[in-house]
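Reading through the structure tokens given below for one structure.
Numbering (the numbering used here), first residue to last: 158 to 361.
Listed below in structure tokens is the structure:
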């Protein structure tokens, strides 16, 4: 499985969340929306105030949120140390996400990860295998829960199969649960049980 960098995974997380926000799949926390708005960095030529931050965020948030709600949410974000202010070489003040803030985005985005099925199957199978130590039980259970949700079919105890491209999504999921080095994604064009699998996935 190709190793994405943390920044690539964060960009994927942000992309997934933006698609989720623009869809009609339900509500998203105001905190996460603010973090997304700040994800690329926000620069000021002066020390930012709550009012200046509000005026920036208001452009990216639904009109249903009041100034009080946005300012309160941003105050909570600062208190939880999800963002911090740094000075760049131009003496600008930048509001950027901390590692904790990046984890907050990735944590929420795991629920929005979805595999887009192509219009035509490429006649290849994706086999996910993993051997996760018992001390990482929570990560193992989380991975199983997510791949079931994504529609993988279990072949054996720790062997799952899926017919469509899913490398990026599995990289995100295994990275999030901290078990990537214990997992492998294999591509093959033949399986002994493929007749049964084709029926399971509705493939001709």
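Beta carbons are placed, not taken as given, at the ideal position from N, Cα and C, and that holds for glycine.
Are there 16 or more other CB atoms within 10 angstroms of the CB of residue i, so buried, or fewer, so exposed?
i: residue 232; result: exposed
i: residue 239; result: buried
i: residue 318; result: buried
i: residue 182; result: Low confidence applies here, because residue 182 scores a pLDDT of 43, under 50, leaving its location unreliable; read the following figure in that light. Exposed, because fewer than 16 other Cβ atoms sit within 10 Å of the Cβ of residue 182.
i: residue 300; result: buried
i: residue 214; result: buried
i: residue 349; result: exposed
i: residue 304; result: buried
i: residue 324; result: exposed
i: residue 306; result: exposed
Nearest by alpha-carbon distance to residue i: which of the options is it?
i: residue 362; options: 318, 187 and 277; result: In the structure as shown, the chain begins at 158 and stops at 361. Residue 362 is therefore absent and cannot be evaluated.
i: residue 352; options: 304, 282 and 208; result: 282
i: residue 234; options: 268, 254 and 247; result: 254
i: residue 334; options: 236, 220, 247 and 297; result: 297
i: residue 286; options: 343, 356 and 347; result: 343
i: residue 208; options: 220, 216, 196 and 224; result: 224
i: residue 263; options: 339, 190, 357 and 236; result: 190
Measure how close the beta-carbons of residue i and residue j come, nearest whole angstrom, since I'm counting them as under 8 Å.
i: residue 345; j: residue 284; result: 6 Å
i: residue 229; j: residue 272; result: In fact, because the Cβ distance is near 37 Å, the residues do not count as touching under 8 Å.
i: residue 259; j: residue 250; result: 20 Å between Cβ atoms; not a contact.
Look up residue i in the DSSP assignment and give the residues it is bridged to.
i: residue 323; result: None; residue 323 has no bridge partner.
i: residue 302; result: Its beta-bridge partners do not exist; DSSP assigns none.
i: residue 283; result: 319 and 344
i: residue 311; result: 317
Measuring only between beta-carbons, confirm whether residue i sits less than 8 Å from chain C.
i: residue 279; result: Of the protein chains in the structure, only one exists, and it is not chain C.
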